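Sequence lines, in order, name chains A and B.
The first sequence runs contiguously to residue 120 in numbering that gives the first Met the number 0.
The second sequence runs contiguously to residue 120 in numbering that gives the first Met the number 0.
We put the CB at the ideal spot given by N, CA and C, even for glycine.
Computed from a predicted structure; not experimentally measured.
Number of protein chains: 2
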Amino acid sequence: MTAIKESSTIQENKQYALEKCPVTFVMEKIGGYWKPIILYHLSTGDKRYSELKRAIPAVTEKMLIQHLKQLEADGLVIREAKPVVPPFVTYKLSSAGTGLLPVIDAMASWAFKMKDGVYNM
Amino acid sequence: MTAIKESSTIQENKQYALEKCPVTFVMEKIGGYWKPIILYHLSTGDKRYSELKRAIPAVTEKMLIQHLKQLEADGLVIREAKPVVPPFVTYKLSSAGTGLLPVIDAMASWAFKMKDGVYNM
DNA sequence: ACAAGTACTTACCCTAAAGTATGTATTATG
DNA sequence: CATAATACATACTTTAGGGTAAGTACTTGT
Numbered sequence: 000m001t002a003i004k005e006s007s008t009i010q011e012n013k014q015y016a017l018e019k020c021p022v023t024f025v026m027e028k029i030g031g032y033w034k035p036i037i038l039y040h041l042s043t044g045d046k047r048y049s050e051l052k053r054a055i056p057a058v059t060e061k062m063l064i065q066h067l068k069q070l071e072a073d074g075l076v077i078r079e080a081k082p083v084v085p086p087f088v089t090y091k092l093s094s095a096g097t098g099l100l101p102v103i104d105a106m107a108s109w110a111f112k113m114k115d116g117v118y119n120m
Numbered sequence: 000m001t002a003i004k005e006s007s008t009i010q011e012n013k014q015y016a017l018e019k020c021p022v023t024f025v026m027e028k029i030g031g032y033w034k035p036i037i038l039y040h041l042s043t044g045d046k047r048y049s050e051l052k053r054a055i056p057a058v059t060e061k062m063l064i065q066h067l068k069q070l071e072a073d074g075l076v077i078r079e080a081k082p083v084v085p086p087f088v089t090y091k092l093s094s095a096g097t098g099l100l101p102v103i104d105a106m107a108s109w110a111f112k113m114k115d116g117v118y119n120m
């Protein structure tokens with residue numbers, strides 16, 4: 000992960016937005032490019048790291064693990080590792096992560112309406 | 000023979016994600032840093048450009064106008080300009096933009112639950 | 001001996017998004 | 001005449017995020 004510069008305006012703005020805007024708070028958590036996709040794949044049940052990798056072929060390993068770590072740090076997913084070799088690691092949604100599913104659903108619903116031209120008038 | 004530069008992976012991935020993932024489709028529309036905030040402010044009624052500027056003091060004019068233009072191009076907001084001087088321009092949500100409000104609400108609801116510790120168990 | 005599978009890690013690079021600073025057109029008003 | 005107000009536009013710089021490529025540790029199978 001790259002170090003963040005605390006003094007930058009963008010960081011100050013993030014502080015402002017985080018305190019003032021709950022939507023931005025959510026964006027901070029699921030705004031990463033692959034995070035919604037990962038969340039979606041975990042919504043159908045626990046997945047091993049390699050299962051996620053295969054389920055999302057376009058994501059690079061660096062991005063996958065990076066986002067998984069962030070999601071874990073944010074308390075949205077839970078990592079469980081069995082002390083065996085080869086490693087056996089599964090990821091699943093926490094209760095907070097599960098609580099996000101209505102958001103994901105609302106998004107998907109809007110996207111489908113857009114594609115169906117429901118809002119073209 | 001010189002090698003021809005192929006299209007970047009990032010663009011291919013975007014194509015993949017847009018087709019496969021409705022959530023990413025939504026992120027494309029409202030993922031810009033200030034867009035959710037702008038949308039939120041428009042949800043309470045039409046606003047003049049200068050009203051938005053005052054309502055969101057931390058945003059720069061470049062970012063504000065840029066995001067407004069994108070939201071307009073995406074059909075989420077409608078711009079109305081009166082041919083007077085000084086200019087009088089108002090922005091309001093389109094039907095598609097209004098259709099996004101449940102998403103915003105779901106996000107806000109989750110954010111407040113998070114802050115209230117509802118998911119800490 | 002060595003390749004294969006699993007779950008990462010790390011160093012480096014490139015680009016898109018965001019920020020800074022300044023300029024534009026028009027008219028009313030002091 | 002100069003300033004204020006409004007709604008932008010634009011050249012330039014910085015930063016955060018994402019991508020590439022390669023390596024690590026450990027054990028089982030051939």
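Self-check item: Close-in-space but distant-in-sequence residues of the same chain around residue 63 (chain A) (CB under 8 Å, 5 per side omitted)
Solution: Here residue 63 (chain A) is taken as the residue at index 64 of the first sequence, counted from 1. Apart from sequence neighbours up to five positions away, the residues of its chain that approach residue 63 (chain A) with a beta-carbon distance below 8 Å are 33, 37, 48, 51, 52, 55, ordered along the chain.
Quiz prompt | Strand pairing of residue 92 (chain A), partner residues [DSSP] | solution = As a working mapping, residue 92 (chain A) is identified with position 93 in the first sequence. For residue 92 (chain A), which the question treats as bridged, DSSP gives the partners A:76.
Quiz prompt | Nearest-angstrom Cα separation, counted from residue 94 (chain B) out to residue 45 (chain A) | solution = Within the first sequence, the letter at position 46 stands for residue 45 (chain A). Within the second sequence, the letter at position 95 stands for residue 94 (chain B). Taking the Cα positions, residue 45 (chain A) is about 38 Å away from residue 94 (chain B).
Quiz prompt | Residues that residue 112 (chain A) contacts on chain B, provided the C-beta gap is smaller than 9 Å | solution = Counting from 1 along the first sequence, the entry for residue 112 (chain A) is found at position 113. For residue 112 (chain A), the residues of chain B that pass the 9 Å Cβ criterion are 95, 98, in the order they occur in the chain.
Quiz item: Hey, quick one: how far does the alpha helix (DSSP H) through residue 41 (chain B) stretch, first residue to last?
Solution: As a first step, residue 41 (chain B) must be located in the second sequence, where it is residue number 42. First-last of the alpha helix (DSSP H) with residue 41 (chain B): 34 to 42.
Practice problem: Check each residue of the segment 76 to 94 of chain B: if its Cβ is closer than 9 Å to any Cβ of chain A, include it; give the result in chain order. | Solution: Residues 93, 94.
Quiz item: Would residue 24 (chain B) pass as a contact of residue 105 (chain A) if the rule is Cβ separation under 8 Å?
Solution: To locate residue 24 (chain B), count along the second sequence from 1; it is residue 25. To locate residue 105 (chain A), count along the first sequence from 1; it is residue 106. Taking 8 Å as the Cβ cut-off, residue 24 (chain B) and residue 105 (chain A) do not qualify as a contacting pair.
Quiz item: In terms of alpha-carbon separation, which member of A:114, A:35, A:86 lies closest to residue 69 (chain A)?
Solution: Taking the first sequence and counting its residues from 1, the one referred to as residue 69 (chain A) is at position 70. Looking only at A:114, A:35, A:86, the smallest Cα-Cα distance to residue 69 (chain A) is reached by A:35.
Exercise. Determine the direct distance from the alpha carbon of residue 85 (chain B) to that of residue 72 (chain B), and round the result to whole angstroms.
Key: Along the second sequence, one-based indexing puts residue 72 (chain B) at 73. Along the second sequence, one-based indexing puts residue 85 (chain B) at 86. Each residue's Cα considered, the two are about 24 Å apart.
Practice problem: State the start and end residues of the unbroken alpha helix (DSSP H) segment that holds residue 113 (chain B). | Solution: Here residue 113 (chain B) refers to the residue found at position 114 when the second sequence is read from its first residue. Bounds of the alpha helix (DSSP H) holding residue 113 (chain B) are 100 to 114.
Quiz item: Excluding the five sequence neighbours on either side, which residues of its own chain have a C-beta within less than 6 Å of the C-beta of residue 88 (chain A), listed in chain order?
Solution: Start at 1 with the first residue of the first sequence, and residue 88 (chain A) comes out as number 89. The residues are 48, 80.
Quiz item: chain A beta carbons: is any one of them nearer than 8 Å to that of residue 103 (chain B)?
Solution: As a position in the second sequence, residue 103 (chain B) is number 104, starting the count at 1. Using a CB distance cut-off of 8 Å, residue 103 (chain B) counts as an interface residue toward chain A.
Quiz item: Under 7 Å Cβ-Cβ, which residues of chain B neighbour residue 107 (chain A)?
Solution: Taking the first sequence and counting its residues from 1, the one referred to as residue 107 (chain A) is at position 108. For residue 107 (chain A), the chain B residues whose C-beta falls within less than 7 Å of its own C-beta are 21, 22, listed in chain order.
Quiz item: Cα separation between residue 5 (chain A) and residue 99 (chain A)?
Solution: As a working mapping, residue 5 (chain A) is identified with position 6 in the first sequence. As a working mapping, residue 99 (chain A) is identified with position 100 in the first sequence. Interpretation of residue 5 (chain A) is limited by its pLDDT of 45, a score under 50 that renders its predicted location unreliable; the figure taken from the coordinates is listed afterwards. Going from the Cα of residue 5 (chain A) to the Cα of residue 99 (chain A) covers about 29 Å.
Exercise. Give a yes or no on whether 8 Å exceeds the smallest Cβ distance from residue 118 (chain B) to chain A.
Key: Along the second sequence, one-based indexing puts residue 118 (chain B) at 119. So yes, residue 118 (chain B) belongs to the interface.
Quiz item: Mind checking if residue 26 (chain B) is an interface residue toward chain A, Cβ cutoff 8 Å exclusive?
Solution: Translated into positions along the second sequence, residue 26 (chain B) becomes position 27. Yes, residue 26 (chain B) lies at the interface with chain A (some Cβ there is under 8 Å from its Cβ).
Exercise. Using alpha carbons as the reference points, say which of B:83, B:43, B:22, B:107 lies closest to residue 40 (chain A).
Key: Within the first sequence, residue 40 (chain A) is the residue found at index 41, counting from 1. Of B:83, B:43, B:22, B:107, the residue nearest in Cα terms is B:22.
Quiz item: Using a Cβ-Cβ cut-off of 6 Å (strictly less than) and excluding sequence neighbours within five positions of residue 29 (chain B), which residues of its own chain qualify?
Solution: The residue you call residue 29 (chain B) lines up with position 30 of the second sequence. Correct list, in chain order: 35.
Practice problem: With 8 Å as the threshold, decide whether the Cβ of residue 39 (chain A) is near any Cβ in chain B. | Solution: Counting from one through the first sequence, the residue named residue 39 (chain A) turns up at place 40. Yes, contact with chain B.
Practice problem: Using only alpha-carbon positions, find the residue among A:103, A:113, A:61 that is nearest to residue 96 (chain B). | Solution: The residue you call residue 96 (chain B) lines up with position 97 of the second sequence. With distances taken between Cα atoms, residue 96 (chain B) lies closest to A:113.
Exercise. Taking C-beta pairs closer than 8 Å, name the residues in chain B that residue 30 (chain A) reaches, listed in chain order.
Key: Taking the first residue of the first sequence as 1, we reach residue 30 (chain A) at position 31. Within chain B, the residues whose beta carbon sits less than 8 Å from that of residue 30 (chain A) are 26, 30, listed in sequence order.
Quiz item: Is the CB-CB distance between residue 91 (chain B) and residue 77 (chain B) below 8 Å?
Solution: As a first step, residue 91 (chain B) is located in the second sequence; it is residue number 92 there, counting from the start. As a first step, residue 77 (chain B) is located in the second sequence; it is residue number 78 there, counting from the start. Yes, Cβ-Cβ distance for residue 91 (chain B) and residue 77 (chain B) is below 8 Å.
Quiz prompt | Pairwise C-alpha distance: residue 60 (chain A) and residue 74 (chain B) | solution = Within the second sequence, numbered from 1, the residue matching residue 74 (chain B) stands at position 75. Within the first sequence, numbered from 1, the residue matching residue 60 (chain A) stands at position 61. The straight-line gap from Cα to Cα measures roughly 36 Å.
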